[in-house]
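J.:
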């Protein structure tokens with residue numbers, strides 16, 4: 222979840238032949254973290270998640286805004302995540318029934 226997806230992606234890049242699947246959720250896609258060494262990569266994101274796109278600006282010292290989708294991954298938008306705070310549903314994606322329903326169908 223979140224920047225942890227970048228850590229998993231980086232680890233998989235160093236273990237190319239050993240990682241079959243990575244699942245990232247609400248990960249800010251930026252910088253060197255745009256690819257992973259996993260054979261399969263499923264990325265779930267919320268279109269309303271402002272924290273994810275701000276992940277590259279200042280939070281990790283990387284200039285520019287982050288993206289929501291990983292190139293080459295199965296990128297899936299989780300719609301209708303509700304939030305009343307400034308993060309725009311960053312953590313709420315973890316508690317959405319839709320997130321887990323989709324993961325069951327993709328795995």
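Residue numbers (the working numbering): 222 to 328. Just so it is clear, CB atoms sit at the ideal spot from N, CA and C, and this is done for glycine as well.
State the DSSP-derived secondary structure class of residue 314, mapped to helix, strand or coil.
T.: helix
J.: So the alpha helix (DSSP H) residue 229 belongs to, where does it begin and stop?
T.: 224–235
J.: Can you tell me whether residue 238 is buried or exposed, with buried defined as 16 or more other CB within 10 angstroms of its CB?
T.: exposed
J.: In terms of alpha-carbon separation, which member of 286, 292, 261, 302 lies closest to residue 268?
T.: 302
J.: For residue 265, does the count of other Cβ atoms within 10 angstroms reach 16, so buried, or fall short, so exposed?
T.: Residue 265 is buried by the Cβ-count criterion.
J.: Please go through the segment 248–274 and give each complete beta strand (DSSP E) segment of 3 or more residues, from N-terminal end onward.
T.: 261–266
J.: Going by C-alpha distance, which of 236, 232, 243, 235 is nearest residue 291?
T.: 243
J.: Would you decide whether residue 250 is buried or exposed? Buried here means 16 or more other CB atoms lie within 10 Å of its CB.
T.: Label assigned to residue 250: buried.
J.: Can you tell me whether residue 243 is helix, strand or coil according to DSSP?
T.: strand
J.: According to DSSP, is residue 319 part of a helix, a strand, or is it coil?
T.: helix
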